[in-house]
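One structure below.
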Amino acid sequence: MLMPFLRNQWTWAPLYLFLLIFMPLNFKRKGWMWCVFFLLTFAISDYLSASVIKPYYLRLRPCNNPYIQDIVHLLVPCGSGYSFPSSHAANHFALGIFAAVTMGRRYRWVWPAGLLWALSVGYAQVYVGVHFPGDVLAGGALGSIAGVLTGYAYNRVYQRPPALPPSGN
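Each residue of the sequence shown is one higher than the last, beginning at 518 in my numbering.
The following block contains the structure:
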């Protein structure tokens with residue numbers, strides 16, 4: 518039951534806690550500000566996906582859609598909220614991309630790790646039957662934009678050039 522585990526909100530809490538402790542301990546004031554921007558990134562992506570876009574589209578989840586709910590292979594409780602966009606995907610892409618943009622130059626492994634983390638959560642949302650693929654794509658795009666913008670803002674404040682994905686050379 519890996520997929521329900523990957524999309525569970527509490528699965529990733531230890532990682533968030535680790536980052537919120539690790540950054541200030543190792544990077545002092547910049548680390549504290551990184552934590553502020555990290556939390557701001559989450560707040561922006563969650564607010565936009567859950568409070569701005571979802572109420573506008575009102576798209577039913579696959580598991581709540583009366584036309585297809587009988588054929589959806591549901592592995593977790595369905596939930597009562599709307600489906601489009603996936604807030605899980607938006608939030609994890611936002612945080613993964615933010616971490617990559619702000620730390621990817623120093624720690625090259627953050628780019629693939631951040632993307633793999635976000636993609637895994639997004640895939641799990643579809644796999645367990647609570648989102649359509651388009652919900653995850655939209656959430657991923659929204660979160661990526663939020664992560665890039667807040668990451669660039671953080672880097673600009675601290676006069677660091679933004680990290681780019683590894684070129685492969």
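Cβ atoms here follow ideal geometry from the backbone N, Cα and C, with glycine treated the same way.
Item: Just verifying my parser: in three-state terms, what is the DSSP assignment at F649?; Value: coil
Item: Just reading off the alpha helix (DSSP H) that L595 is part of, what are its end residues?; Value: The residue you asked about is not Leu; residue 595 is Cys in the sequence shown. Unbroken run through C595: none, as it is neither H nor E.
Item: Determine the contact status of G613 and G664, defining contact as a CB-CB distance below 9 Å.; Value: yes
Item: Are A611 and I561 close, meaning C-beta to C-beta below 9 Å?; Value: yes
Item: Distance check for Y675 and R578, CA to CA, integer angstroms please.; Value: 41 Å
Item: Return yes when the Cβ of L636 is within less than 9 Å of the Cβ of G657, no when it is not.; Value: yes
Item: Quick check: L523 and V638, are their CB atoms within less than 9 Å of each other?; Value: yes
Item: Is the Cβ-Cβ distance between G668 and T558 less than 9 Å?; Value: yes
Item: For N543, report the span of its alpha helix (DSSP H) as first-last.; Value: A530 to D563
Item: For R673, which three-state DSSP category applies?; Value: helix
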